[in-house]
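Single-structure report; data block below.
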Amino acid sequence: MKIIDNFPRVSVAVIGDIVADVYMYGRPFKLSREAPVIVVKYEGETIIPGSAGNTINNLSKLGAKVFPIGIVGDDKEGDFLRDYFSKDGVDVTGVFVSKGRGTISKTRLLAGDTHASKRQVVRIDKEVSWKMPASMEKNILDYIDQINKKVDVWVVSDYGYDIITPKVLEKINSIARKKTVVADSRNRICDFVSARIIAPNEAEAEAASGISINGEGDVLKAGKELLKKMQSEAVVITRGNRGMMLFEKTGNVENIPICGTDEVTDVTGAGDTVTVLLGLSIPAGANFAQAARLSNYAAGVVVMKNGTATVNRSELIEIIAKDLNKDPKGKNNG
2 MKIIDNFPRV
12 SVAVIGDIVA
22 DVYMYGRPFK
32 LSREAPVIVV
42 KYEGETIIPG
52 SAGNTINNLS
62 KLGAKVFPIG
72 IVGDDKEGDF
82 LRDYFSKDGV
92 DVTGVFVSKG
102 RGTISKTRLL
112 AGDTHASKRQ
122 VVRIDKEVSW
132 KMPASMEKNI
142 LDYIDQINKK
152 VDVWVVSDYG
162 YDIITPKVLE
172 KINSIARKKT
182 VVADSRNRIC
192 DFVSARIIAP
202 NEAEAEAASG
212 ISINGEGDVL
222 KAGKELLKKM
232 QSEAVVITRG
242 NRGMMLFEKT
252 GNVENIPICG
262 TDEVTDVTGA
272 GDTVTVLLGL
282 SIPAGANFAQ
292 AARLSNYAAG
302 VVVMKNGTAT
312 VNRSELIEII
322 AKDLNKDPKG
332 KNNG
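Oh and the sequence shown: position 48 is 49 in my numbering, straight run, nothing missing.
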């Protein structure tokens, strides 16, 4: 628990693609006369920080001092995200507002009867086709230099949109030679060659390693191949309801089973939560194995919640305590 107690002492820079996760709720009540579809009566909506925004949100809820770097649009969603972070005590100096592009959003329509749980019917993604102006790129690079001395660790949350330009990538890899960087990237994890820890899921590990993953043996091969390709000291491959696998340069390999039930409620944002705990635990005093186990516990909390969810310190302590009661020898904890 000492590691968790140290979380508020850690300063984290998060750079990545900030997305507005919009949840629109409704009640199906008739068939449309226009097309063979159900008409859903609108009941309300909420906006939650998603992608890198979820990473920022989780870090803040766990007590860390967070310095986010990202881009939002000059629109309702962008205003909401900046206000949300500010009210949570997060410095939004590095959340740059662009008048030339909208805020990236993912809108999920959830429908169900009044007294029944609502299910996702469709998701609409509003992305951007936009080249970052040189002036904004310079502002981002300058801000990276400005806060680098203030932070203990960097977390990269790259969803393949627009903030990680070649120059920004070069800057991150330069920082990673002197300071811990934890990288999670949807399409190009190997570009973050100097990151101390990388955290791909199975599909991302398969693409990055070139090894087709059809079982645990293939995960072992992929993890070892990624360690060869990268300058990283550790690779954590997340495996959904099969937990995760840790690979270290030292040769240590650990298979960490999922904590709790494998009947998950919603996996949205679980990968972000893993990256958060890896990044937060190392400067808080954890070794790689302890950090991976803590991230596994945290993921076990968020997958039992609906939508893009966060975990706080009390929830993390509670799930660890429950697991220790079932596992008195502490096989699944650090």
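All C-beta atoms, glycine included, are put in the ideal place defined by N, C-alpha and C.
Being a predicted model, the structure only gives us computed values, none of them experimental.
- Task: Please list, in chain order, all residues of the same chain as N256 whose beta carbon is under 6 Å from its beta carbon, the five residues on each side excluded.
- Result: Result list for N256: M246, in chain order.
- Going by DSSP, what residues sit across from E46 in a beta bridge? Partner residues in the beta bridge of E46, as assigned by DSSP, are M25.
- Task: Quick one: residues in its chain with C-beta nearer than 7 Å to the C-beta of V1, no 5 flanking neighbours on either side, listed in chain order?
- Result: The chain is shown only over 2 to 335; residue 1 falls outside these bounds and no answer can be derived.
- Item | Residues that DSSP places opposite K127 in a beta bridge | DSSP lists S106 as partners of K127.
- Would you mind listing the beta strand (DSSP E) stretches within the region 141-185 that are 3+ residues and don't spill past its ends, in chain order? As summarised for the region 141-185, the continuous beta strand (DSSP E) elements at least 3 residues long and confined to that stretch are 154-159, given in chain order.
- Among P258, N242, G272, K225, nearest to E249 - alpha-carbon criterion: Nearest neighbour of E249 by Cα position, chosen from P258, N242, G272, K225, turns out to be K225.
- Item | In chain order, each beta strand (DSSP E) run of at least 3 residues that lies wholly inside the region 224-280 | Complete beta strand (DSSP E) runs here, min 3: 235-239, 245-249, 254-257.
- Message: Give me, in chain order, the residues of the same chain whose beta-carbon lies closer than 6 Å to that of A271; leave out the 5 immediate sequence neighbours on both sides.
- Response: Cβ neighbours of A271 beyond the five flanking positions: A300, V303, V304.
- Task: Express the C-alpha separation of N307 and D146 in angstroms, rounding to a whole number.
- Result: Spanning the two alpha carbons is a distance of roughly 37 Å.
- Message: Rounding to the nearest angstrom, what Cα-Cα distance links S213 and E35 in this structure?
- Response: Rounded to whole angstroms, S213 to E35 spans 45 Å at the Cα level.
- Query: Starting from V67 and walking both ways along the beta strand (DSSP E), at which residues does that stretch end?
  - Reply: Counting along the chain, the beta strand (DSSP E) containing V67 begins and ends at 66-74.
- Message: Taking the alpha-carbon of G218 as reference, which of V11, R102, E203 has the nearest alpha-carbon?
- Response: Closest option to G218, Cα to Cα, is E203.
- What's the C-alpha gap between N334 and D324? Here N334 scores only 48 on pLDDT, less than 50, and its place in the model should not be relied on; the value that follows carries that caveat. Those two C-alpha atoms are separated by around 8 Å.
- Write down the C-beta distance between A177 and A196 rounded to the nearest angstrom, noting that I regard them as a contact closer than 8 Å. Contact holds; Cβ gap of about 5 Å.
- Looking at L227 and I199, is the spacing between their C-beta atoms short of 8 Å? With contacts defined by Cβ atoms closer than 8 Å, I199 and L227 form a contacting pair.
- Query: Looking at A287 and I19, is the spacing between their C-beta atoms short of 8 Å?
  - Reply: 8 Å or more divides the Cβ of I19 from the Cβ of A287.
- Excluding sequence positions up to five away, which residues of its chain have a Cβ less than 6 Å from the Cβ of A184? Take A184, set aside five residues on each side of it, and the residues of its chain with a beta-carbon closer than 6 Å to its own are V157, F193, A196, I199, in chain order.
- Can we say the region 156-172 touches the region 235-244, given the rule of at least three CB pairs closer than 8 Å? When Cβ pairs closer than 8 Å are counted between the two stretches, the region 156-172 is seen not to touch the region 235-244, the count staying below three.
- Query: Exposed or buried, what is A322 when buried is set at 16 or more other beta-carbons lying within 10 Å of its beta-carbon?
  - Reply: It is exposed - the Cβ of A322 has fewer than 16 other Cβ atoms within 10 Å.
- Task: Would you decide whether Y162 is buried or exposed? Buried here means 16 or more other CB atoms lie within 10 Å of its CB.
- Result: If you draw a 10 Å sphere on the C-beta of Y162, you find 16 or more other C-beta atoms in it, and that means buried.
- Message: On a Cα-Cα basis, can you pick out the residue from V129, K107, M137, N188 that is closest to N55?
- Response: Ranking the options by Cα distance to N55, first place goes to K107.
- Task: Look up K332 in the DSSP assignment and say whether it is helix, strand or coil.
- Result: Low local confidence applies: a pLDDT of 48 at K332 is under 50, so the model's placement there is unreliable, with the coordinate-based value given in what follows. Per DSSP, reduced to three states, the secondary structure at K332 is coil, with no helix or strand assignment.
- For I39 versus P29, is the C-beta spacing smaller than 8 Å? Yes, they are a contact pair.
- Collapsed DSSP secondary structure at F193 in the structure displayed: Coil, per DSSP.
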